[in-house]
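Participant:
There are 2 protein chains.
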Amino acid sequence: MTRPSIDFWFEFASTYSYLTAMRIDVHAAAIGVDVRWRPFLLGPIFAGQGWSTSPFNIYPAKGRYMWRDMERQCRRAGLPLARPDPFPQNGLLAARVALVGLAGEFAGDWGPAFVRRVYKAEFGEGRNIGEESVVAELLLDVYQDPEIVIERALAPQNKALLKSETEEAMARGIFGAPSFLTEDGELFWGNDRLDEALEWAAGERGAL
Amino acid sequence: MTRPSIDFWFEFASTYSYLTAMRIDVHAAAIGVDVRWRPFLLGPIFAGQGWSTSPFNIYPAKGRYMWRDMERQCRRAGLPLARPDPFPQNGLLAARVALVGLAGEFAGDWGPAFVRRVYKAEFGEGRNIGEESVVAELLLDVYQDPEIVIERALAPQNKALLKSETEEAMARGIFGAPSFLTEDGELFWGNDRLDEALEWAAGERGAL
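So, in structure tokens, the structure goes:
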């Protein structure tokens, strides 16, 4: 019998995806579920809703609340929090690089570690992950050659893959991050739903 | 020493407020916190964000997700779920009536029971709580005289009170429902934050 798996859809501009990235492997292992890490871009999805930036910028009360909530959630999780400037960050290059590690012909086991390293740099250290020099440094932190990996990240094939991943996310009803999709197509949205999503994937879903 | 208390801000059109209304008293009692039930209107707050209806209607992917999530959440909580038509419901009269029971010179101990009865009718039975005849019937269910209470609900003083409550909600940074405000001004949003809010109110807030 194969182990159940879950797709973890994340976007580097998403604050709550940081919380999930730092804990999903431990929670998933505890319940016997494998995780597929799937970077995508919220920009095209938000644009379809008429938004040109993060909803946390468009709606100031919601934005103020989110940053305070993140302070509380990070404290509970024992994670550092530093607000990056600008917000949202441009996560395009980081997403392309993550995809090299996570999918396609050059995939390796460094993908999740790189994703966690990016989130920690962005929201734990307040660094600008939109800069190529920062991404290069974070690749070194996970023992990868920045020149080789960034070249692969910028190859047309990899750019097209990130685009099609984003299109798949939209087609499957994803409208925010983090999102979780089980093998039977059940969608869960938000770091608050991680454990419920994992329980569903593990088959502990009751009679629904 | 007086017991700590928390303000529970709810709006009758809000699906997730239903989940909270049905459980807050039990959770609050268990941790030794008193609950102040505070109805308000999201309409004026949403209008300030440029929305003329529920965001679950404006953003279809989010709306589809919310209804499926409500199915799951209601099942976990052992609550019935029926989707009311229209959605969102017009909760103005119900909010005015709830306010009579919860605040002002005619306040009685039937307020929370009435609020729960309205939510159950709306989201558990799919009834139209915008109709005065339905509100009247729900008042009978909590042993109140509909004619007397509705007259008090429609008095200028009570209408003005609901308006000022809504203005207070907006001034305090509330942008959705359910929301929880502690005595020291800490804001929590969403049914998922109920227990964290109660812990904060009870003084179990760590060093933040």
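For the record, the sequence lines run as chains A and B. Numbering follows the working numbering, with no gaps: position 97 of the first sequence is 109. Numbering follows the working numbering, with no gaps: position 32 of the second sequence is 44. From the three backbone atoms N, C-alpha and C, an ideal C-beta is built for every residue, glycine too.
Measure the CB-CB distance between S230/B and A189/B and report whether it falls below 8 Å.
Facilitator: It is not possible to answer for residue 230/B, since the shown part of chain B is limited to 13 through 220.
Participant: Could you compute how far the alpha carbon of I36/B sits from the alpha carbon of T32/A?
Facilitator: 27 Å
Participant: Considering Cα atoms alone, identify which of F135/A, Q156/A, R87/A, A167/A is closest to R108/A.
Facilitator: A167/A
Participant: Compute the beta-carbon to beta-carbon distance between Y71/B and G202/B, rounded to the nearest angstrom, for a pair I have assumed lies under 8 Å.
Facilitator: Contact doesn't hold; Cβ gap of about 17 Å is too wide.
Participant: Taking Y71/B as the query, report the chain A residues whose CB atoms sit under 7 Å from its CB, ordered along the chain.
Facilitator: For Y71/B, the chain A residues whose Cβ falls inside 7 Å of its Cβ are Q61, F187, in order along the chain.
Participant: So for P51/A, helix, strand or coil by DSSP?
Facilitator: strand
Participant: Do Q101/A and G60/A have their beta-carbon atoms positioned less than 8 Å apart in this structure?
Facilitator: No, Cβ-Cβ distance for G60/A and Q101/A is not below 8 Å.
Participant: If distances are taken between C-alpha atoms only, which option among W122/A, G55/A, D81/A comes closest to D204/A?
Facilitator: Ranking W122/A, G55/A, D81/A by Cα distance to D204/A puts D81/A first.
Participant: To the nearest angstrom, report how far apart P96/B and S66/B are at their CA atoms.
Facilitator: 14 Å
Participant: Helix, strand or coil, according to DSSP, for D19/A in the structure here?
Facilitator: strand
Participant: Can you tell me whether F24/B is buried or exposed, with buried defined as 16 or more other CB within 10 angstroms of its CB?
Facilitator: Per the 10 Å Cβ criterion, buried.
Participant: Straight-line CA distance for L53/B to E83/A?
Facilitator: 28 Å
Participant: Can you tell me where the alpha helix (DSSP H) holding L114/B begins and where it ends?
Facilitator: 104 to 114
Participant: Check each residue of the stretch 183 to 207 of chain A: if its Cβ is closer than 7 Å to any Cβ of chain B, include it; give the result in chain order.
Facilitator: G185, F187, L199, W201, D204
Participant: Take A219/A and list the residues in its own chain whose beta-carbon comes closer than 7 Å to its own, dropping the five residues that flank it on each side.
Facilitator: Annotation note: pLDDT 48 at A219/A (below 50); position unreliable, coordinate value reported separately. Hits under 7 Å: none found.
Participant: Can you confirm whether the stretch 40 to 57 of chain A touches the stretch 146 to 166 of chain A when touching is taken to mean that 3 or more C-beta pairs between the two stretches lie within less than 8 Å?
Facilitator: No: fewer than three Cβ pairs fall under 8 Å.
Participant: Is the beta carbon of V127/A sitting closer than 8 Å to the one on A148/A?
Facilitator: At least 8 Å separates the beta-carbon of V127/A from that of A148/A.
Participant: Got a sec? Which residues, its chain only, sit under 8 Å from G197/A by beta carbon, not counting five neighbours each side?
Facilitator: R184
Participant: Are A209/A and P16/A closer than 8 Å when you measure CB to CB?
Facilitator: No, they are not a contact pair.
Participant: So, T194/B versus I18/B, is the Cβ gap smaller than 8 Å?
Facilitator: yes
Participant: Exposed or buried, T14/A, counting other C-beta atoms within 10 Å across all chains shown (16 or more means buried)?
Facilitator: By the 16-neighbour rule on beta-carbons within 10 angstroms, T14/A is exposed.
Participant: Quick check: is the beta carbon of R222/B nearer than 8 Å to any beta carbon in chain A?
Facilitator: With chain B covering only 13 through 220, there is no way to say anything about residue 222/B.
Participant: If we count the other Cβ atoms within 10 Å of its Cβ and call it buried at 16 or more, is W79/B buried or exposed?
Facilitator: exposed
Participant: Taking its Cβ as the centre, do 16 or more other Cβ atoms sit within 10 Å of E216/B, making it buried, or is it exposed?
Facilitator: exposed
Participant: Please state if the CB of M34/A and the CB of L93/A are separated by a distance shorter than 8 Å.
Facilitator: no
Participant: Out of curiosity, what's the CA-to-CA distance linking A8/B and Y77/B?
Facilitator: Lying before the first or after the last residue shown, residue 8/B is absent from chain B, which here runs from 13 to 220.
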